[in-house]
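The block underneath contains the structure these notes are about, expressed in structure tokens.
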Amino acid sequence: MPYPERVRIVEVGPRDGLQNEATPISTEAKVELIDRLSSSGLTHIEVTAFVNPARIPQLADAEEVCKRIDRRPGITYSALVPNTKGYERATNAHLRDIAVFLSATETHSRRNIGTSIEGSFERYEQVTALAAEDGISVRGYVSVAFGCPYEGFVPQERVVQIAMRLLGLGCYQVSLGDTTGLGNPVQVAETVEMLRGAGAREEQIALHLHDTRGTGLANALAGLSAGVSTFDSSLGGLGGTPYAPGANGNLATEELVFMLEEMGVSTGVDLETVLQAAEGVARVLGKELPSRYLKATRATGAREAGEASA
Ligand code: MG
Numbered sequence: 422m423p424y425p426e427r428v429r430i431v432e433v434g435p436r437d438g439l440q441n442e443a444t445p446i447s448t449e450a451k452v453e454l455i456d457r458l459s460s461s462g463l464t465h466i467e468v469t470a471f472v473n474p475a476r477i478p479q480l481a482d483a484e485e486v487c488k489r490i491d492r493r494p495g496i497t498y499s500a501l502v503p504n505t506k507g508y509e510r511a512t513n514a515h516l517r518d519i520a521v522f523l524s525a526t527e528t529h530s531r532r533n534i535g536t537s538i539e540g541s542f543e544r545y546e547q548v549t550a551l552a553a554e555d556g557i558s559v560r561g562y563v564s565v566a567f568g569c570p571y572e573g574f575v576p577q578e579r580v581v582q583i584a585m586r587l588l589g590l591g592c593y594q595v596s597l598g599d600t601t602g603l604g605n606p607v608q609v610a611e612t613v614e615m616l617r618g619a620g621a622r623e624e625q626i627a628l629h630l631h632d633t634r635g636t637g638l639a640n641a642l643a644g645l646s647a648g649v650s651t652f653d654s655s656l657g658g659l660g661g662t663p664y665a666p667g668a669n670g671n672l673a674t675e676e677l678v679f680m681l682e683e684m685g686v687s688t689g690v691d692l693e694t695v696l697q698a699a700e701g702v703a704r705v706l707g708k709e710l711p712s713r714y715l716k717a718t719r720a721t722g723a724r725e726a727g728e729a730s731a
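Terminal number for the sequence shown in my numbering: 731, no gaps in between.
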């Protein structure tokens with residue numbers, strides 16, 4: 422079988438999933454969510470972002486969340502940081518793993534990050550230099566890697582160039598983000614192959630897929646076939662995008678875990694625990710989440726059957 426035997430899932434729900442939610446979520450509910458995810462078998466959870474609270478009020482309690490979660494050995498707890506100020510906040514909150522993010526297009530970069538692609542690199546050169554001194558692990562995100570809501574087509578060469586530059590700065594892994602779900606399986610596989618050709622190792626490549634237009638799992642399978650063994654996903658499919666209001670957001674962790682496990686690819690993740698976490702978030706937000714696995718399990722009352730075979 423051409424697929425990796427084991428896949429590592431980076432759960433981004435507490436950060437990427439919640440950041441665009443208008444309903445304020447209490448620190449307590451976030452801590453409960455993260456603690457529940459910590460008992461699901463997930464080994465990497467992105468818990469928050471140390472960004473300007475005026476821009477993302479939902480994550481203004483980043484310090485408090487980091488302080489109150491129960492950190493289990495063997496699990497990586499990370500946070501997004503946009504600059505050296507965010508870096509200081511994250512390390513003061515005793516995080517040892519951070520993520521930096523930049524865009525693959527100038528328009529998205531200026532509108533979303535407030536600076537050019539080059540300006541982002543200048544910021545992250547400072548951040549990664551500090552991280553190297555402090556022994557902090559840095560992961561890189563490339564947003565709109567497979568299509569841009571402003572510019573449309575994104576040249577794969579540019580994505581590869583940006584990703585390689587992030588690895589050159591010391592990022593241990595680069596996650597290619599299909600921020601608005603415009604990617605297709607052929608493009609995903611080709612980009613991964615180009616990145617491998619440029620010298621990136623398998624463990625240095627991750628995919629951050631969205632299901633905005635229903636291609637999330639197909640793109641994941643294409644990436645898997647191309648040798649990718651790390652995927653970002655969000656419980657319940659939490660995390661819409663402001664560019665497509667009402668549409669599905671991040672690839673749902675349950676859907677990804679279900680597909681992989683059924684294929685014989687191990688994730689180490691307990692579906693039932695993730696489902697319970699997703700149901701908890703749905704209650705807090707007072708709305709249904711997009712995950713089809715969650716809907717199917719609820720609708721058919723097949724929970725017990727699922728448990729029995731888990
Ligand atoms: Mg996302």
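For glycine and all other residues, C-beta sits at the position ideal for the given N, C-alpha and C.
{"Query": "Between which two residues does the beta strand (DSSP E) holding residue 651 run?", "Result": "651-654"}
{"Query": "Can you tell me the Cα-Cα spacing of residue 731 and residue 692, whole angstroms?", "Result": "Bear in mind that the predicted position of residue 731 carries a pLDDT of just 47, short of 50, making it unreliable; the figure below should be weighed with that in mind. The alpha-carbon atoms of residue 731 and residue 692 are separated by roughly 8 Å."}
{"Query": "Residue 654 to residue 630, Cα distance in whole Å?", "Result": "7 Å"}
{"Query": "Could you tell me whether the segment 677-689 touches the segment 465-478, using the rule of 3 or more Cβ pairs below 8 Å?", "Result": "no"}
{"Query": "Look at residue 565 and residue 524 and say whether their C-beta atoms are less than 9 Å apart.", "Result": "yes"}
{"Query": "Quick one: what does DSSP say residue 565 is sitting in, helix, strand or coil?", "Result": "coil"}
{"Query": "Got a sec, what are the start and stop residues for the alpha helix (DSSP H) residue 468 sits in?", "Result": "It is not in any alpha helix (DSSP H) - residue 468 instead sits in the beta strand (DSSP E) that spans 465-470."}
{"Query": "Could you check whether the Cβ of residue 533 sits closer than 8 Å to any heavy atom belonging to ligand 1?", "Result": "no"}
{"Query": "Take residue 484 and list the residues in its own chain whose beta-carbon comes closer than 6 Å to its own, dropping the five residues that flank it on each side.", "Result": "514"}
{"Query": "Taking 8 Å as the cut-off, is the beta-carbon of residue 635 closer than that to any non-hydrogen atom of ligand 1?", "Result": "no"}
{"Query": "For ligand 1, which residues have a Cβ under 5 Å from at least one heavy atom, in chain order?", "Result": "437, 671"}
{"Query": "With DSSP collapsed to three states, give me the class of residue 440.", "Result": "coil"}
{"Query": "Keeping to the same chain, check which residues put their C-beta closer than 6 Å to that of residue 552; ignore five residues upstream and five downstream.", "Result": "559"}
{"Query": "What span of residues does the alpha helix (DSSP H) with residue 545 cover, start to end?", "Result": "538-555"}
{"Query": "What ranges does the beta strand (DSSP E) occupy inside the segment 570-627, keeping only unbroken runs of at least 3 residues that lie completely in it?", "Result": "594-598"}
{"Query": "Quick one: Cα of residue 448 to Cα of residue 486, how far?", "Result": "6 Å"}
{"Query": "According to DSSP, residue 558 sits in a beta bridge with which residue or residues?", "Result": "518"}
{"Query": "Among residues of its own chain, excluding the 5 on either side of residue 477, which ones have a beta-carbon nearer than 8 Å to its beta-carbon?", "Result": "440, 470"}
{"Query": "With DSSP collapsed to three states, give me the class of residue 533.", "Result": "helix"}
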